[in-house]
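*Asks:*
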Ligand SMILES: NC(=O)c1ccc[n+]([C@@H]2O[C@H](COP(=O)([O-])OP(=O)(O)OC[C@H]3O[C@@H](n4cnc5c(N)ncnc54)[C@H](O)[C@@H]3O)[C@@H](O)[C@H]2O)c1
């Protein structure tokens, strides 16, 4: 299948393009900056906010599936209005162009930040957080991802043949970061494992980049099994912490105290059960397996 990966030079995009190519797909990566060369991945450079460049890319590529990862990927990394407008505009223009170009499937990156954690009064209705839990973003990045999800639902409703969905990858850890490089917002994986205030800021959630890439691959390969307009959490099965996180989560995020007891058996704060049961996604890159430690 011919798959277009936007943001293919990025942390998640380079793993996703490599995994798709390794699974035999004709893979085209597009990004506004050049990326690392990966075997079997064709690289294109374009600003996807430029309508002319975007249209030209889709005409030349004629993708059968699109994995949309391009955007501003970190909360507060850019001025709020830019984060919101860039991510919202990219989602609408790339996903609607995918549908118009005849792609059978288009999937976009959302984020667990749509749940609105990391503010003092955050009180989830239940834990672990699954896709049925309401979203309540509180910053521009989280709002931009809620807009991505609403864009997916809006375009799914328009009745075309393209199956649209969104994935909420956990805190992505790349092969280089498992090997000791700094993670996206600083600190190594081992430092995060040693300091609950670092890992707990994102509720001890994480996902191996190649596992997240595998879920994108399963979605484009199985459009008939994908919920049109649906969303999938994509988080490792365990927390980024050596033991249960019930007490830590309740301590760091007091509003979770009534529901944190459900985590006492060692499960993560997020559930990816939907991706497992509906698409057969089984993440294997846990911190124990990647760091070669039993914890
Ligand atoms: N990294 C994480 O932990 C994480 C977690 C959840 C969701 N996400 C989402 O996954 C996606 C990828 O994240 P990442 O960590 O790989 O980010 P990244 O910053 O490494 O990659 C994003 C890429 O998008 C490209 N890009 C931005 N604007 C563009 C434009 N107008 N045209 C073409 N390319 C453009 C950038 O050049 C960059 O290479 C993002 O949408 C992000 O919000 C990431």
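Numbering (the numbering used here), first residue to last: 21 to 315. Ideal Cβ placement from N, Cα and C applies to all residues, glycine included. Values in this document were obtained by computation on a predicted structure and should not be read as measured data.
Mapping DSSP to helix, strand and coil, what is residue 283?
*Replies:* Sequence index remark: in the chain shown, residue 283 carries index 263 (1-based). Helix at residue 283.
*Asks:* Tell me, to the nearest whole angstrom, how far the beta carbon of residue 83 is from that of residue 24; I am working on the premise that it is less than 8 Å.
*Replies:* Here residue 83 refers to the residue found at position 63 of the chain shown. Here residue 24 refers to the residue found at position 4 of the chain shown. Confirmed, about 4 Å.
*Asks:* Between which residues of its own chain and residue 128 is the CB-CB distance below 7 Å, once the five residues before and five after are set aside?
*Replies:* Numbered from its first residue, the chain shown carries residue 128 at position 108. Counting only Cβ-Cβ distances below 7 Å, and skipping sequence neighbours, we find 88, 111, 115, 168, 172 and 186.
*Asks:* Helix, strand or coil, according to DSSP, for residue 236 in the structure here?
*Replies:* The residue labelled residue 236 in the question sits at position 216 within the chain shown. Helix, per DSSP.
*Asks:* If we ignore side chains and look at the alpha-carbon of each, how far apart do residue 106 and residue 217 end up?
*Replies:* Here the question's residue 106 lines up with position 86 in the chain shown. Here the question's residue 217 lines up with position 197 in the chain shown. Rounded to the nearest angstrom, the two C-alpha atoms are 30 Å apart.
*Asks:* Within 10 Å of its beta-carbon, does residue 94 have 16 or more other beta-carbons around it, so buried, or fewer, so exposed?
*Replies:* In the chain shown, the residue the question calls residue 94 occupies position 74. Under this definition residue 94 is an exposed residue.
*Asks:* How should residue 224 be labelled, buried or exposed, when 16 other C-beta atoms within 10 angstroms of its C-beta is the threshold for buried?
*Replies:* In the chain shown, counting from the first residue as 1, residue 224 sits at position 204. The residue is buried, with at least 16 neighbouring Cβ atoms inside 10 Å.
*Asks:* Less than 8 Å separating the beta-carbons of residue 238 and residue 301?
*Replies:* On the chain shown, residue 238 is found 218 positions in, with the first residue counted as 1. On the chain shown, residue 301 is found 281 positions in, with the first residue counted as 1. Taking 8 Å as the Cβ cut-off, residue 238 and residue 301 qualify as a contacting pair.
*Asks:* Give a single yes or no on whether residue 305 has its beta carbon closer than 7 Å to a heavy atom of ligand 1.
*Replies:* For the purposes of this step, residue 305 is taken as residue 285 along the chain shown, with counting starting at 1. Every heavy atom of ligand 1 is 7 Å or more from the Cβ of residue 305, so no.
*Asks:* Please give the ranges of any beta strand (DSSP E) in the region 49-110, keeping only runs that are unbroken, at least 3 residues long and fully inside the region.
*Replies:* 61-65 and 85-88, all fully within the region 49-110.
*Asks:* Report buried or exposed for residue 290, applying the criterion of at least 16 other Cβ atoms within 10 angstroms of its Cβ.
*Replies:* For the purposes of this step, residue 290 is identified with residue 270 of the chain shown, where counting begins at 1. So residue 290 ends up on the buried side.
*Asks:* Output needed for residue 315: all residues of its chain with C-beta closer than 7 Å, excluding positions within five of it in sequence on either side, in chain order.
*Replies:* To locate residue 315, count along the chain shown from 1; it is residue 295. A caution first: residue 315 carries a pLDDT of 47, below 50, which makes its placement in the model unreliable, though a value can still be read off. Only 262 and 308 meet the Cβ criterion.
*Asks:* Hey, how far is the Cα of residue 67 from the Cα of residue 125?
*Replies:* Residue mapping note: residue 67 aligns to position 47 of the chain shown, counting from 1. Residue mapping note: residue 125 aligns to position 105 of the chain shown, counting from 1. Their backbone Cα atoms lie some 22 Å apart in a straight line.
*Asks:* Measuring CA to CA, which of 212, 179, 176 and 182 is closest to residue 191?
*Replies:* Reading the chain shown from its first residue, position 171 is the one you call residue 191. The shortest C-alpha separation from residue 191 is found at 212.
*Asks:* How about residue 131 and residue 165: are their beta carbons less than 8 Å apart?
*Replies:* Locating residue 131 in the chain shown gives position 111, where the first residue counts as 1. Locating residue 165 in the chain shown gives position 145, where the first residue counts as 1. Against a cut-off of 8 Å, the Cβ pair of residue 165 and residue 131 comes out as a contact.
*Asks:* Can you have a look at residue 40 and say buried or exposed, based on whether 16 or more other CB atoms are within 10 angstroms of its CB?
*Replies:* Taking the first residue of the chain shown as position 1, residue 40 is located at position 20. Label assigned to residue 40: buried.
*Asks:* Using only the heavy atoms of ligand 1, determine whether one of them is closer than 7 Å to the beta carbon of residue 181.
*Replies:* Numbered from 1 along the chain shown, position 161 holds the residue referred to as residue 181. No, Cβ of residue 181 sits at least 7 Å from all heavy atoms of ligand 1.
*Asks:* Let me know if residue 178 comes out buried or exposed under the rule of 16 or more other beta-carbons within 10 Å of its beta-carbon.
*Replies:* What you label residue 178 is simply residue 158 of the chain shown in a count that begins at 1. Result: exposed.
*Asks:* Per DSSP, what are the beta-bridge partners of residue 125 in this structure?
*Replies:* Working through the chain shown from its first residue, we reach residue 125 at position 105. 85 and 183.
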